[in-house]
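Engineer:
Protein chains: 2
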Amino acid sequence: MDVQNLFWLGLLGAAIALLFAVFQARKVLRFSEGTDLMKKIAASIRQGANAYLKRQYTTVAKIFAVVFVILLVLRWFNLLDNWFIPFAFLTGGIYSALAGFIGMKIATSSNSRTANAAHESLNRGLNVAFSSGAVMGFTVVGLGLFDISVWFHILKYIAHFEAAQIASTMVMFGMGASFMALFARVGGGIFTKAADVGADLVGKVEAGIPEDDPRNPATIADNVGDNVGDVAGMGADLYESYVGSILATFALGATAYAGGSLTWNAMLLPLLVAVVGVVCSVIGSFLIRTRENADQRSLLSTLRKGTYTAAILAAVLAAPLTYWLMGSWGPYIAILAGLVGGCAIGYFTEYYTSDTYKPTQSLADSTETGAATTIIGGISLGMKSTAAPIIIISIAVIVAFLAAGGTLSTNSPDYAVLFNKGLYGIGIAAVGMLSTLGITLATDAYGPVADNAGGIAEMSGLGAEVRSRTDALDSLGNTTAATGKGFAIGSAALTALALLVSYVDVVNVKLDGRVLDLSLTNPAVLVGIFVGAMLTFVFAALTMSGVQRAAQSIVVEVRRQFKEIPGIMEGKADPDYASCVDLCTRGALHEMVIPSLLAIVVPVVTGLILGAESVVGLLGGVTVTGFVVAVFMSNAGGAWDNAKKYIEGGTHGGKGSECHKAAVIGDTVGDPFKDTSGPSLNILIKLCSTVSIVFSGLIVKFSIFG
Amino acid sequence: MDVQNLFWLGLLGAAIALLFAVFQARKVLRFSEGTDLMKKIAASIRQGANAYLKRQYTTVAKIFAVVFVILLVLRWFNLLDNWFIPFAFLTGGIYSALAGFIGMKIATSSNSRTANAAHESLNRGLNVAFSSGAVMGFTVVGLGLFDISVWFHILKYIAHFEAAQIASTMVMFGMGASFMALFARVGGGIFTKAADVGADLVGKVEAGIPEDDPRNPATIADNVGDNVGDVAGMGADLYESYVGSILATFALGATAYAGGSLTWNAMLLPLLVAVVGVVCSVIGSFLIRTRENADQRSLLSTLRKGTYTAAILAAVLAAPLTYWLMGSWGPYIAILAGLVGGCAIGYFTEYYTSDTYKPTQSLADSTETGAATTIIGGISLGMKSTAAPIIIISIAVIVAFLAAGGTLSTNSPDYAVLFNKGLYGIGIAAVGMLSTLGITLATDAYGPVADNAGGIAEMSGLGAEVRSRTDALDSLGNTTAATGKGFAIGSAALTALALLVSYVDVVNVKLDGRVLDLSLTNPAVLVGIFVGAMLTFVFAALTMSGVQRAAQSIVVEVRRQFKEIPGIMEGKADPDYASCVDLCTRGALHEMVIPSLLAIVVPVVTGLILGAESVVGLLGGVTVTGFVVAVFMSNAGGAWDNAKKYIEGGTHGGKGSECHKAAVIGDTVGDPFKDTSGPSLNILIKLCSTVSIVFSGLIVKFSIFG
């Protein structure tokens, strides 16, 4: 059967996902927004978030315009393969932004509804929050499939490209999505943590008022931050992961099965695995229903039932699909390796960051000797926690590679051919890991909605019971989010490796007979690895100090308001919320540009000096160190957060004790770790690859020493 | 001229260095130890340090015996090239231990003498402390040259080995030195920081007594720690760097110039560069003389004059030497690249960690908003500070490679031959960087002596003026030590790269025709890089949590003594110093074993599963991430330390202010960063290489997938 005309199934998958998102959105909007005060607060948050995104997108649009022109110029001088690439760069960015925007829209419409629903029952609260998360999850997936399918059809049926040409063109399309995602993650991450840290430092620590207290001028900014960072940033981020993994696998498939009868099959497989994942995610979502008055444990089990059912169903359905398309079980085992690896990383993420396990409990113990040992303990916990994900990724890579037909034995007569088949396995493993993204992202994205709902409950005085319900939803979200993070981080590593290999394939075509020496003994490669590691560390440093500088300005402003607005502490005068939102916006936009541009400038400059080999080294270096540092920072931050909550739950003297103070310091350090620098690194490693691929023509032609 | 009989010059260099060390030691011992109380305190410190080293060496001896037997078994099964290797493993360990032991002996004899001399004048204090550092510096260099020269003569004139055989055998000799050095650094580092952190947490923070107060039961342990960690650990560490760089260059030289007429010349060059360095260091040391009543600035300038004169002299003398031996200027430029690179890294180390520059001053500013921002600021400063050293090392690598004849153009007809010549340049650059180690180590090693002298001055009540002089010496030491650290860290990276290449050479001989695929697209290589990065992070985590656990036990013990020994706080009863020393000893010995063994187990196990390619990946991964993390941790720790001192100097409210408290927390976090984990990583990256080289026969024969 000729499968090359079956790519329209991608559009079908997109339609299913987007329709389901609309269905969930309508469901959410049927709930009431609650009291007038709640409506007013929700409106302020919505307004702040809209204002921020508008200004963020304006700033980013200017940068996109510049890059677009550069790409046109490159094409003009024949340094880009075709004219589609600059335009695909734009659409990738637009869809990525759109995914974030829609997620943010629905989140800011759901927060007060969740608070109000939680007022009635925990179960109803979950319902609203989860549906809101589902809107974002399925929008991301739907837009991704749509973008890929449309471009595929344009290139195949309008431009009449060959399979290899389609694949090598489309792998460049990831750059727009990654670039937008990086801005969204870094900008949103700086906004949210600047507001959070700033609000806590003056409000909680200096003035001694509780979190989300309406007297705190930074409290609206804090809630806006949840939406623009944790929601819009995450949406753009995972859009990029999803699209990137499929496009990289397209390219690897076209290379591995070039000239044979399976070229189209190898390209169709990742798309159909994704479509199957959409269907399974929809089915899983329908399973998330609970009895009225369910307790937290049964809520967790229903969420788990939904995600695990989707994953298992996808694993089962992928088997006949893969065998039908590829005629062997090898790629299927690679898909399984991805799925199992994602779950395993999720488990260890939870193990290291949840207070039901020993590591976070020991971290809480280390608060007994003060802030210094709390920090040392968290850093060492985070560093230790990198072992499990690395071992899992390593096993997944080797299993996927060998199962898909690759060999490590250089004596094998077909070494090169088999080798490429194996690399395809790594790509398809990443696709497998992300196939049920619709539902895993839903369980991840509902957390910030619950968090916001808690803020609204507090500010509108809904009472302790509602707050405790939203807190329960929030902490439930933290647990399920661990699995989501496992998939996100694992797939980022696999996708980055797949893109690294694609880069080599793309470059090899342009070399006119020169051979790349990618050996690790080549100083250009080694220097590249060093530069990649440096990029990771400098990027992490810049994003962290960005948060710090922006937070500092919030601290100054909040202190000013406490001093200059009379009656604010007695609740008689309203603080000026908007000025804090504005400060966060300006801080975030100011601080996001330099680190984001580094991801473009460093690979291109390195390549222009030392040649394509050094770029491969750089990609290897940034992938490995980026992955390790991302895991380290995310887990250290998560553990500090939960150690603090654990103490607030009554251990080690509870709230207000010396231990709690030490834990708050840990949590504050962990904030930019886990919500700004850590997740941004996931995007950085892929953006470096796609940038290198797009600029490969320039680098090959003009590098000085390479 | 036939140069192969000139290797006895190495013995001459060793003799000069060792005689100069004896001369300096006799000079130190002529000074008076001061009052009876000072003698008593010095004796307690000496006793504690001796007791620790004795137990440390006993523990390490057992582990060495096991590894020795394993090596014998490997040789028995023909998996090691010859019977010399197990014995050379032992001598390397013994000399490394001896270097540390002698350094510690003289340091514990100089501390009270320095305090007493500082009682008379700042200048006399410097004299004693510097001479004590010189004993260690020249002992390290002398023992290193002696070990290398003796083995060279045994292999050449008794075993009658060929050049290539000598080189490939001797490159394995580094393992013993590295292994011993790792134990010394990790064990000593845990001891010293456990004592320091433990003493500070209870003494300074809880009881509110000053540092080094005799009422603090942990104060002797703290001073013992300076000797076993900063002195004995550093001695073993730099012994290993020095020997490692020369041996790696031997191996690279023998490969690059194999079969030609320059083989012996290429091997003689690193040895003679080292000998020239010894002579220049001796000359430089004689320049370190000051007028009576010199101020701190003129002391600094005399120290700088000594080290810079030695470096410039070495650079000048190396020129004719290199041209005479190699017949071209290429390798000389590589040596220069090393020397200049070392100085440049030293400059940036000082820039990021000294309170006369902006980064540390800004860090002090960030204490204004509390401990959390202090920590974030320090971590981001440390991460940012990795950029300069990486760029410098990258430039040094590329310049050395190209200057020594290497090419990055794979089209070149002699690519492989030129490539090897270029790699030799990287090795010789490392030797150049370390050639004047005698004097740079002297300026580094005198710091802990001054620190100890301060402790003795405090405990024996010598008065504020003496204390302020020893503090001045100490802070002077911090400044000059920055340069020393630059050389140590830069040479570690270059040596590790040289050893990585040597590993590939060694393996290639054993492959029986199979070709290594060291390309970065090979999953085995990529997984290796991941595992290398993991090893770095887990190692850093374990050493840090080792400090934390050991410190915790000190905290408990000090609290117990304060409670149970009546009159201790009034100075009427003596605290039980010995029990704290004993606890630190047991803690350090207990915590040092696992991380140190990881360096052997992880490369061997990885290789046995995935083959030699994965080991090369691992070496690349651990070298790059180890280097970056080491720079990050050392500089963050140094900056926290100096930010605290800057505040103690009267800024931001000075001692006792809220800012100072935040800075103390930063400093406490920084302690294990800069004195335990950071410097140990330098050794780890080289130990992994030498271990891999020694076990290469086993790995090539028995790996499962490779």
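Here the protein sequences line up with chains A and B, keeping their order. Mind the numbering: the first sequence is residues 1 to 706 in my numbering, read in order. Mind the numbering: the second sequence is residues 707 to 1412 in my numbering, read in order. By construction, the Cβ of each residue, glycine as well, lies at the ideal position given by its N, Cα and C atoms. Computed from a prediction, not measured in an experiment: that's the story for all the values here.
Secondary structure at A/Ser121, three-state DSSP: helix, strand or coil?
Structural biologist: In the first sequence, residue 121 of chain A corresponds to position 121, counting from 1. DSSP places A/Ser121 in coil when its eight states are reduced to three.
Engineer: Please classify A/Ala588: is it buried, with 16 or more other beta-carbons within 10 angstroms of its beta-carbon, or exposed?
Structural biologist: Position 588 of the first sequence holds residue 588 of chain A. Burial call: buried.
Engineer: Suppose you measure from the CA of A/Val507 to the CA of A/Ile685; what does that come to, to the nearest Å?
Structural biologist: Sequence index remark: in the first sequence, residue 507 of chain A carries index 507 (1-based). Sequence index remark: in the first sequence, residue 685 of chain A carries index 685 (1-based). Roughly 19 Å between the two C-alpha positions.
Engineer: Nearest by alpha-carbon distance to B/Val1328: which of B/Arg1292, B/Met1339, B/Met1275 and B/Met1240 is it?
Structural biologist: If you number the second sequence from 1, residue 1328 of chain B lands on position 622. Cα-wise, what sits closest to B/Val1328 is B/Met1240.
Engineer: Using a C-beta to C-beta distance shorter than 7 Å, which residues of chain A count as neighbours of B/Ala706?
Structural biologist: Residue 706 of chain B is absent from the model: chain B starts at 707 and stops at 1412.
Engineer: Judging by CA-CA distance, which residue of B/His825, B/Ile1134, B/Ser1251 and B/Lys1361 is the nearest neighbour of B/Ala1109?
Structural biologist: Indexing the second sequence from 1 puts residue 1109 of chain B at position 403. With distances taken between Cα atoms, B/Ala1109 lies closest to B/Ile1134.
Engineer: Round the Cβ separation of A/Leu598 and A/Val694 to the nearest angstrom and send it over; I've been treating them as touching at under 8 Å.
Structural biologist: Along the first sequence, one-based indexing puts residue 598 of chain A at 598. Along the first sequence, one-based indexing puts residue 694 of chain A at 694. The Cβ separation is near 16 Å, so there is no contact.
Engineer: Run through the DSSP bridge pairs and tell me what A/Ser519 is partnered with.
Structural biologist: As a first step, residue 519 of chain A is located in the first sequence; it is residue number 519 there, counting from the start. In the DSSP output, where bridge partners are listed per residue, A/Ser519 has B/Ser1225.
Engineer: Give the C-beta separation of B/Ala962 and B/Lys1127 to the nearest angstrom, bearing in mind that I take them to be a contact with Cβ-Cβ under 8 Å.
Structural biologist: The residue you call residue 962 of chain B lines up with position 256 of the second sequence. The residue you call residue 1127 of chain B lines up with position 421 of the second sequence. Indeed they touch by this definition, with Cβ atoms about 5 Å apart.
Engineer: Measuring alpha carbon to alpha carbon, tell me which of B/Cys1394, B/Ala1369, B/Phe783 and B/Ser1383 ends up nearest B/Thr1079.
Structural biologist: Stepping through the second sequence from its first residue, residue 1079 of chain B is reached at position 373. Checked all of B/Cys1394, B/Ala1369, B/Phe783 and B/Ser1383; the closest Cα to B/Thr1079 is B/Ala1369.
Engineer: Cα-Cα, which of B/Ala813, B/Gly966, B/Asn922 and B/Tyr1029 is closest to B/Val937?
Structural biologist: Your numbering for residue 937 of chain B matches position 231 in the second sequence. The option with the nearest alpha carbon to B/Val937 is B/Ala813.
Engineer: Pull up the distance between the alpha-carbon of A/Tyr95 and that of A/Gly144, whole angstroms please.
Structural biologist: Locating residue 95 of chain A in the first sequence gives position 95, counting from the first residue. Locating residue 144 of chain A in the first sequence gives position 144, counting from the first residue. The straight-line gap from Cα to Cα measures roughly 8 Å.
Engineer: What does the Cβ neighbour count give for A/Pro270, buried or exposed, with the cut at 16 atoms within 10 Å?
Structural biologist: The sequence position of residue 270 of chain A within the first sequence is 270, counting from 1. Buried.
Engineer: Would you call the region 1249-1262 of chain B and the region 729-740 of chain B in contact, with 3 or more CB pairs under 8 Å?
Structural biologist: Contact between the region 1249-1262 of chain B and the region 729-740 of chain B is absent, because fewer than three Cβ pairs lie under 8 Å.
Engineer: If we call anything under 7 Å between Cβ atoms a contact, is A/Arg514 one with B/Thr1116?
Structural biologist: Sequence index remark: in the first sequence, residue 514 of chain A carries index 514 (1-based). Sequence index remark: in the second sequence, residue 1116 of chain B carries index 410 (1-based). Yes, they are a contact pair.
Engineer: Would you check if the distance between the CB atom of A/Ile392 and the CB atom of A/Gly454 is smaller than 7 Å?
Structural biologist: By one-based count along the first sequence, residue 392 of chain A stands at place 392. By one-based count along the first sequence, residue 454 of chain A stands at place 454. No, these two residues do not count as a Cβ contact at 7 Å.
Engineer: For A/Asp517, would you say it is in contact with chain B, using Cβ-to-Cβ distances shorter than 7 Å as the test?
Structural biologist: Indexing the first sequence from 1 puts residue 517 of chain A at position 517. Yes, contact with chain B.
Engineer: Going along the region 1236-1265 of chain B in order, which residues come within less than 7 Å of chain A, judged by CB to CB distance?
Structural biologist: Per Cβ criterion, the list reads Phe1236, Val1237, Ala1239, Met1240, Phe1243, Val1244, Ala1246, Ala1247, Met1250, Ser1251, Gln1254, Gln1258 and Val1261.
Engineer: Say whether chain B places a C-beta atom closer than 7 Å to the C-beta of A/Thr386.
Structural biologist: Translated into positions along the first sequence, residue 386 of chain A becomes position 386. A/Thr386 counts as touching chain B.
Engineer: Along the chain, where does the alpha helix (DSSP H) containing A/Ala400 start, and where does it finish?
Structural biologist: As a first step, residue 400 of chain A must be located in the first sequence, where it is residue number 400. Start and end: Ala387 to Ala403.
Engineer: Have a look at A/Gly198, A/Ser692 and A/Ser634 and flag the residue whose alpha-carbon is nearest the alpha-carbon of A/Ser380.
Structural biologist: By one-based count along the first sequence, residue 380 of chain A stands at place 380. The option with the nearest alpha carbon to A/Ser380 is A/Ser634.
Engineer: Note the first and the last residue of the continuous alpha helix (DSSP H) segment covering A/Phe705.
Structural biologist: Translated into the one-based positions of the first sequence, residue 705 of chain A becomes position 705. From DSSP, A/Phe705 is part of no alpha helix (DSSP H); its letter is neither H nor E.
Engineer: Roughly how many angstroms lie between the CA atoms of B/Ala954 and A/Val224, to the nearest whole one?
Structural biologist: Indexing the second sequence from 1 puts residue 954 of chain B at position 248. Indexing the first sequence from 1 puts residue 224 of chain A at position 224. So the alpha carbons of these two residues sit roughly 57 Å apart.
Engineer: Using the rule of at least 16 other Cβ atoms within 10 Å of the residue's Cβ for burial, across every protein chain shown, is A/Met267 buried or exposed?
Structural biologist: Indexing the first sequence from 1 puts residue 267 of chain A at position 267. Buried.
Engineer: If we call anything under 7 Å between Cβ atoms a contact, is B/Val1335 one with B/Pro1095?
Structural biologist: For the purposes of this step, residue 1335 of chain B is taken as residue 629 along the second sequence, with counting starting at 1. For the purposes of this step, residue 1095 of chain B is taken as residue 389 along the second sequence, with counting starting at 1. Result no, Cβ atoms of B/Val1335 and B/Pro1095 do not sit closer than 7 Å.
Engineer: Check whether chain C comes within 7 Å of A/Gly620, counting only Cβ atoms and requiring the distance to be less than that.
Structural biologist: Checking the listed chains, one finds no chain C in this structure; the protein chains it contains are A and B.
Engineer: Which residue's Cα is closest to the Cα of B/Ala1170: B/Thr765, B/His825, B/Ala1043 and B/Cys1290?
Structural biologist: Counted from its first residue, the second sequence places residue 1170 of chain B at position 464. Checking every option, the nearest Cα to that of B/Ala1170 belongs to B/His825.
Engineer: Does the count of Cβ pairs from the region 36-52 of chain A and the region 463-480 of chain A closer than 8 Å reach three?
Structural biologist: These segments do not touch.
Engineer: Residues of chain A with a CB under 8 Å from the CB of B/Asn817: which are they?
Structural biologist: Walking along the second sequence from the start, residue 817 of chain B turns up at place 111. Residues of chain A passing the Cβ test: none, with the nearest at roughly 27 Å.
Engineer: Quick one, which residues of the region 765-789 of chain B are near chain A if we go by CB-CB under 9 Å, in chain order?
Structural biologist: Taking 9 Å as the Cβ-Cβ cut-off against chain A, none of the residues of the region 765-789 of chain B qualify.
Engineer: Below 6 Å CB to CB, which residues in the same chain sit around A/Asp444 once its five sequence neighbours on both sides are set aside?
Structural biologist: The sequence position of residue 444 of chain A within the first sequence is 444, counting from 1. Here the set comprises Ala481 and Gly484.
Engineer: Within a Cβ cutoff of 8 Å, which residues of the same chain sit near B/Phe1411, ignoring the five residues on either side of it in sequence?
Structural biologist: Counted from its first residue, the second sequence places residue 1411 of chain B at position 705. Cβ neighbours of B/Phe1411 beyond the five flanking positions: Ala1230, Ile1315, Leu1316 and Gly1317.
Engineer: Is there contact between the region 709-729 of chain B and the region 979-987 of chain B, where contact requires at least three CB pairs shorter than 8 Å?
Structural biologist: Because the criterion of three Cβ pairs below 8 Å is met, the region 709-729 of chain B and the region 979-987 of chain B touch.
Engineer: Let me know the secondary structure DSSP gives A/Asn50 once reduced to three states.
Structural biologist: Within the first sequence, the letter at position 50 stands for residue 50 of chain A. Three-state result, A/Asn50: helix.
Engineer: Nearest-angstrom Cα distance between A/Gly567 and A/Thr353?
Structural biologist: The count along the first sequence starts at 1 and reaches residue 567 of chain A at position 567. The count along the first sequence starts at 1 and reaches residue 353 of chain A at position 353. Taking the straight line from one Cα to the other gives about 41 Å.
Engineer: So B/Asn817 and B/Asn1158 are in contact, right, with Cβ under 8 Å, and what is the actual spacing, rounded?
Structural biologist: In the second sequence, the residue the question calls residue 817 of chain B occupies position 111. In the second sequence, the residue the question calls residue 1158 of chain B occupies position 452. That belief holds up - the Cβ atoms of B/Asn817 and B/Asn1158 are roughly 4 Å apart, short of 8 Å.
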